[in-house]
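Let me begin by presenting the structure, written as structure tokens, before commenting on it.
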DNA sequence: CAGGATCCTTAGAGATACTG
DNA sequence: CAGTATCTCTAAGGATCCTG
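Chains as they are written, first to last, in my numbering: chain A, 1 to 124; chain B, 1 to 124.
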């Protein structure tokens, strides 16, 4: 049985160190995901694809403006798929792209941990 | 062989859905972690405990003010441990608490994924 | 060395009203 | 229904100087 240093190997294997350099492009993406609403929208869509109005209700407290801009940047990042039906009234469905689902795989454990430990942290 | 819906079960098991309600305390923690510098400081400390000056250099681009306030909120959240030696000149060491290391366990995979896919996303 | 205290600037974010 | 267009404003963030 081989025991290795968990912390160091994690960083090495995950090649995380580059993030700390100012030029790393991941900083941009990190900002998008953590733009206050980014995580929540991704989590909502990870549960199931939804229409605009549904999302607005699912992600409590988000304004129309923020939902719009959040969805736009996530779509540009290739994480969210936007499908508009040219009907009247219009119907637009949002869902995660394969890339977005990949992200959800590592994002959900984080959000889950936070949700479970939030009360402990914030000390209600 | 039993096949289950990965997405739904993930959400259920992780009890992530509560995050979407406006009153959920996890939103506060989520904000702290994703406060532009929060993730980076946590990643830096996940690699190894560091002194103030080291952190300042490790997390490229962070200002003194932001490093100070980020460390303060993370300390209040119980994620970061601050150890000050009463020497002259002063020496202060920062490291992750057990809780912070737990968080790192789920945070590093996310950051790692983003780092590896950032160029694909941002489309350099 | 490790911060506090200040001042200043913007982008993020809210509210409201309007439209194809 | 699914947004866009404005307007406004706070608070995150940056730069600089100061100190035990």
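Ideal placement from N, C-alpha and C gives every residue a C-beta, glycine not left out.
For clarity, every value in this text was computed on a predicted model and none was experimentally measured.
- The beta-carbon separation of residue 79(A) and residue 114(B), rounded to 11 Å, does not stay under the 8 Å limit for a contact.
- Residue-level contact check: residue 84(A) does not touch chain B, since none of the beta carbons of chain B fall below 8 Å from its beta carbon.
- With a threshold of 8 Å between beta carbons, residue 19(A) makes contact with chain B.
- Using a Cβ-Cβ distance cut-off of 8 Å, the region 43-60 of chain B and the region 47-57 of chain A are not in contact, since fewer than three pairs of beta carbons, one from each stretch, lie closer than that value.
- Of the candidates 89(A), 111(A), 19(A), 59(A), 111(A) places its Cα closest to the Cα of residue 102(B).
- Annotated three-state conformation of residue 83(B) is strand, per DSSP.
- Residues of chain B with a Cβ closer than 7 Å to the Cβ of residue 16(A) are, in chain order, 43, 108, 111, 112, 115.
- In terms of Cβ geometry, residue 98(B) and residue 119(A) do not form a close pair [threshold 8 Å].
- Our two residues, residue 70(A) and residue 37(A), have alpha carbons roughly 7 Å apart in a direct line.
- In terms of CA proximity to residue 48(A), 93(A) leads the group 23(A), 93(A), 27(A).
- By the neighbour-count criterion, in which 16 or more other beta carbons inside 10 Å mark a residue as buried, residue 58(B) falls on the buried side.
- Not a single CB atom of chain B sits nearer than 8 Å to the CB of residue 73(A).
- Neighbours of residue 25(A) across chain B, judged by C-beta separation under 7 Å: 118, 119, 122, 124.
- Minimum Cα-Cα distance from residue 61(A) among the listed residues 23(B), 107(B), 108(B) corresponds to 23(B).
- Shown here for residue 75(B): same chain residues with a beta carbon closer than 6 Å to its own, the five before and five after excluded, namely 82 in chain order.
- For residue 40(B), the C-beta contacts it makes with chain A under 9 Å involve 19, 20, 27, 30, in order along the chain.
- Comparing C-alpha distances from residue 96(B) to each of 87(B), 90(B), 86(B), 77(B) shows the shortest one belongs to 77(B).
- The three-state secondary structure of residue 95(B), taken from DSSP, is strand.
- Residues of the same chain with a CB within less than 7 Å of the CB of residue 84(B), apart from the 5 flanking positions on each side, are 90, 92 in chain order.
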